[in-house]
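Here the UniProt record's numbering is used: position 90 in the sequence shown is 90, and no number is missing along the way. Read through the structure below, which is laid out as structure tokens, and then see the notes.
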Amino acid sequence: MITIIAAAAENNALGKDNQMIWHLPDDFKRFRQLTTGHYIIMGRKTFESLPKLLPNRTHVIITRQQDYPVPEDCIRVNSLEDAIKACPQNETIFIIGGGEIYRQSLPLSDTIELTRVFTNPEADAYFPEIHPNEWQLVSEEFHPKDEKHAFDFSFQTFTKIK
């Protein structure tokens, strides 16, 4: 199963200058809970934006640079198709960004785990549109802003309509 996991604003903004636009500790916790123990697929820029390797996950990095150096225990591939082939076929794999990788993976994915952040910031990376004739919202959990979270947000789970 292929699952996309992302945090996107109401205008689908993901980030700016290869950085996230918000700090939501509960979103980080959810991301860690869902992805730990799994293969995570990302583009090179997303990989470079990480502060360090994410523990207990196998990083699959998509880049067109043939000589791009990756740390030990990481897998470098040239395409999304090769990334998926590099992962165990009987396990859930997670697509973690960025915008172009999300766009390419949307038709191939079964589930979207989206943190919808209720703001409309400027960005240079965007999540693709989720079309209601292709995806069904199956659960949503609202979280109001508080002292640790500057914005209201909802955890939303979508499944592909068969």
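Even glycine gets a Cβ: it sits at the ideal position worked out from N, Cα and C. Computed from a prediction, not measured in an experiment: that's the story for all the values here.
- Between the alpha carbons of TRP135 and TRP22 lies a distance of about 26 Å.
- In summary, LEU106 is buried, with 16 or more beta-carbon neighbours lying within 10 Å of its beta-carbon over all protein chains present.
- Taking 8 Å as the upper bound for CB-CB distance, SER109 and ILE4 are in contact here, some 5 Å apart.
- If you draw a straight line from the Cα of ARG103 to the Cα of PHE142, it comes to about 25 Å.
- Burial of HIS59 is indicated by the presence of at least 16 other C-beta atoms within 10 angstroms of its C-beta.
- THR35 is classed as buried because its beta carbon has at least 16 other beta carbons within 10 Å across all chains shown.
- Of the residues LYS160, PHE151 and PHE158, the one whose Cα lies closest to the Cα of ASP27 is PHE151.
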